[in-house]
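K.L.:
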Amino acid sequence: MNAITNRTAEAAGIQIRPLTPNAGARIDGVKLSGDLSKDLVQIVRNAILKHKVVFFRDQQHLDEASQQAFGALLGKIVPHPTAPAVDGTEHVLDINGHRARATFWHTDVSFVSAFPRFSILRSVVVPDVGGDTSWANTATAYRDLQPELRELADRLWGLFGNKYEYAGRDADWSEERHNYQKQVSRTVYETEHPLVQVHPETGERALILGAHLQRIIGYTSVESQRLIGLFQDHITRRENTVRWRWKVGDVAIWDNRATQHKAVDDYGTVERVLRRVVVDGDVAVGIDGRRSVTRKADAVPELA
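Just so you know, we're using our numbering here: the sequence shown kicks off at 197 and counts up by one.
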């Protein structure tokens with residue numbers, strides 16, 4: 197943070213406490229709302245950019261409307277490209293464990309060229325035990341690569357898409373889960389991203405991988421999977437991650453351009469509900485200045 201926001205934070209009694217050396221910080225002393233002052237918004241924004249994901253306890257006063265209102269202070273709020281919004285809202289996504297479980301490492305909506313800048317996740321119903329979420333810092337992952345691997349990653353491009361499976365076997369899915377999967381897959385997206393993007397605000401270089409990455413362009417499927425595994429395992433090593441134990445009313449905000457995250461599927465049939473809004477992002481740019489390109493956004497024909 198700069199000197200002005202440091203003084204403002206101290207004067208306002210705000211504490212920002214890192215949770216690990218490479219990812220995550222807890223912020224205390226802030227009541228999130230659409231009326232937050234510009235100085236406090238800047239403090240939060242700076243903390244997100246520095247720590248990649250920040251957490252707030254005791255935000256039970258938030259509802260869908262006020263969550264959207266706060267998110268709008270960080271930028272333009274946009275809906276998910278395919279998943280439906282919560283009834284009565286335009287941009288709030290319902291993360292319900294009975295319908296889908298994102299138990300794979302991913303960057304939100306990275307199957308489009310301008311994937312979200314920030315994601316804001318609020319817990320509504322959480323298990324007494326289990327249901328945590330983990331985040332990984334893709335900027336430190338790039339920084340800590342061996343020089344030869346950094347040079348390789350700098351040259352690679354990947355094809356990303358939204359064709360993937362939620363955790364679990366089809367035979368085990370409920371009708372609700374099948375219907376939800378059908379709805380979110382109604383439009384097929386394919387986008388080419390550089391494996392290394394230049395962060396538009398911090399100037400850091402960060403890796404773009406995760407579950408939406410289908411293959412490395414110019415390599416065979418076998419070669420692609422080996423390269424993907426090499427870089428993905430490096431991103432998600434324990435030293436590069438933070439894990440959050442949810443309580444009702446918690447809020448997590450992360451820099452979606454410099455992180456991956458995943459939900460931990462260890463809570464059985466217990467209810468787990470969170471609500472998410474995202475802030476519109478910029479088209480990703482590689483170190484050579486080339487910009488990501490969406491190659492396909494085609495509706496899937498209805499089957500008779």
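We treat Cβ as the ideally placed atom computed from N, Cα and C, and that holds for glycine. All values reported here derive from a predicted model rather than from experimental measurement.
(1) Just to confirm, are threonine 437 and alanine 243 a CB contact at a threshold of 8 Å?
(2) If we count the other Cβ atoms within 10 Å of its Cβ and call it buried at 16 or more, is isoleucine 316 buried or exposed?
(3) Identify which residue in Arg486, Ile483, Asp476 has its Cα closest to the Cα of isoleucine 273.
(4) Exposed or buried, proline 390, counting other C-beta atoms within 10 Å across all chains shown (16 or more means buried)?
(5) Near glycine 326, what residues of its chain come up, given a Cβ to Cβ distance below 6 Å and the 5 sequence neighbours on each side ignored?
(6) Go ahead and label lysine 492 buried or exposed: buried means 16 or more other beta carbons lie within 10 angstroms of its beta carbon, across all protein chains shown.
(7) Please say whether valine 444 and serine 319 have beta carbons closer to each other than 8 Å?
(8) According to DSSP, is glycine 267 part of a helix, a strand, or is it coil?
(9) Which full runs of the alpha helix (DSSP H) of 4+ residues lie inside the stretch 283 to 318, going along the chain?
(10) For glutamate 260 versus threonine 278, is the C-beta distance shorter than 8 Å?
(11) Using 8 Å as the threshold, is the C-beta distance between histidine 276 and valine 305 below it?
(12) Tell me whether the beta-carbon of alanine 332 lies closer than 8 Å to the beta-carbon of threonine 455.
(13) Closest by CA to arginine 297, which one among Gly357, Leu245, Glu467?
(14) Let me check one thing: in DSSP terms, what residues is serine 330 bridge-paired to?
(15) Within a Cβ cutoff of 6 Å, which residues of the same chain sit near isoleucine 412, ignoring the five residues on either side of it in sequence?
(16) Relative to the alpha-carbon of aspartate 254, which residue among Leu470, Lys227, Leu403 has its alpha-carbon at the smallest distance?
(17) Between the alpha carbons of phenylalanine 300 and aspartate 328, how many angstroms are there, rounded?
(18) Taking 7 Å as the cut-off, is the CB of arginine 297 close to at least one heavy atom of the ligand NAP?
(19) Below 8 Å between beta carbons: does that hold for isoleucine 404 and alanine 480?
(20) Out of Ser488, Gly482, Trp440, Val473, point me to the one whose CA is closest to alanine 281's CA.
(21) Determine the extent of the beta strand (DSSP E) in which isoleucine 412 is found, giving its start and end residues.
(22) Cβ of histidine 302 within 8 Å of Cβ of asparagine 358?
(23) Near threonine 336, what residues of its chain come up, given a Cβ to Cβ distance below 8 Å and the 5 sequence neighbours on each side ignored?
(24) Kindly indicate which residue of Asp350, Ile223, Lys234 has the alpha-carbon position closest to the one of glycine 485.
(25) Output needed for isoleucine 483: all residues of its chain with C-beta closer than 7 Å, excluding positions within five of it in sequence on either side, in chain order.
(26) Taking DSSP as the reference, what is the three-state secondary structure of lysine 492?
(27) What is the DSSP secondary structure of glutamine 182, reduced to helix, strand or coil?
P.N.:
Reading it off the structure:
(1) Along the sequence shown, one-based indexing puts residue 437 at 241. Along the sequence shown, one-based indexing puts residue 243 at 47. No; because the gap between Cβ atoms is not below 8 Å, this pair is not in contact.
(2) For the purposes of this step, residue 316 is taken as residue 120 along the sequence shown, with counting starting at 1. By the neighbour-count rule (16 or more Cβ atoms within 10 Å), isoleucine 316 is buried.
(3) Along the sequence shown, one-based indexing puts residue 273 at 77. Residue Asp476 is the option with its Cα nearest to isoleucine 273.
(4) Your numbering for residue 390 matches position 194 in the sequence shown. Counting Cβ neighbours within 10 Å, proline 390 comes out buried, since at least 16 surround it.
(5) Along the sequence shown, read from residue 1 onward, the residue named residue 326 stands at position 130. Cβ within range, chain order: Asp462, Tyr463.
(6) As a working mapping, residue 492 is identified with position 296 in the sequence shown. Exposed, since its Cβ has fewer than 16 Cβ neighbours within 10 Å.
(7) Within the sequence shown, the letter at position 123 stands for residue 319. Within the sequence shown, the letter at position 248 stands for residue 444. Contact flag set, yes.
(8) Counted from its first residue, the sequence shown places residue 267 at position 71. Looking at glycine 267 - three-state DSSP - the assignment turns out to be helix.
(9) none
(10) For the purposes of this step, residue 260 is taken as the residue at position 64 of the sequence shown. For the purposes of this step, residue 278 is taken as the residue at position 82 of the sequence shown. Going by C-beta atoms, glutamate 260 is not nearer than 8 Å to threonine 278.
(11) In the sequence shown, residue 276 corresponds to position 80, counting from 1. In the sequence shown, residue 305 corresponds to position 109, counting from 1. Taking 8 Å as the Cβ cut-off, histidine 276 and valine 305 qualify as a contacting pair.
(12) As a working note, residue 332 is residue 136 in the sequence shown. As a working note, residue 455 is residue 259 in the sequence shown. Yes, they are a contact pair.
(13) As a working note, residue 297 is residue 101 in the sequence shown. The shortest Cα separation from arginine 297 among Gly357, Leu245, Glu467 belongs to Glu467.
(14) Along the sequence shown, read from residue 1 onward, the residue named residue 330 stands at position 134. In DSSP, serine 330 forms a bridge with Arg439, Lys458.
(15) Looking up residue 412 in the sequence shown gives position 216. Correct list, in chain order: Leu352, Gly354, Ser420, Leu423.
(16) As a working mapping, residue 254 is identified with position 58 in the sequence shown. Comparing Cα-Cα distances from aspartate 254 to each of Leu470, Lys227, Leu403, the minimum goes to Lys227.
(17) Here residue 300 refers to the residue found at position 104 when the sequence shown is read from its first residue. Here residue 328 refers to the residue found at position 132 when the sequence shown is read from its first residue. So the alpha carbons of these two residues sit roughly 13 Å apart.
(18) As presented, the structure is devoid of all ligands, the ligand NAP included, so that no description of it is given.
(19) On the sequence shown, position 208 is the one that residue 404 refers to. On the sequence shown, position 284 is the one that residue 480 refers to. Result yes, Cβ atoms of isoleucine 404 and alanine 480 sit closer than 8 Å.
(20) By 1-based counting over the sequence shown, the position of residue 281 is 85. Comparing Cα positions, the closest option is Val473.
(21) Residue 412 sits at position 216 when you count from the first residue of the sequence shown. Note, isoleucine 412: beta strand (DSSP E), 409 to 412.
(22) Looking up residue 302 in the sequence shown gives position 106. Looking up residue 358 in the sequence shown gives position 162. No, these two residues do not count as a Cβ contact at 8 Å.
(23) Taking the sequence shown and counting its residues from 1, one reaches residue 336 at position 140. If we look at threonine 336 and ignore the five residues flanking it on each side, its Cβ neighbours are Asn218, Ala219, Asn436.
(24) As a position in the sequence shown, residue 485 is number 289, starting the count at 1. Minimum Cα distance to glycine 485 is reached at Asp350.
(25) Working through the sequence shown from its first residue, we reach residue 483 at position 287. Correct list, in chain order: Asp350, Val392, Val394, Arg401.
(26) Here residue 492 is taken as the residue at index 296 of the sequence shown, counted from 1. Of the three classes helix, strand and coil, the one that applies to lysine 492 here is strand, per DSSP.
(27) For residue 182 there is no data in the structure shown, the boundaries of the chain being 197 and 500.
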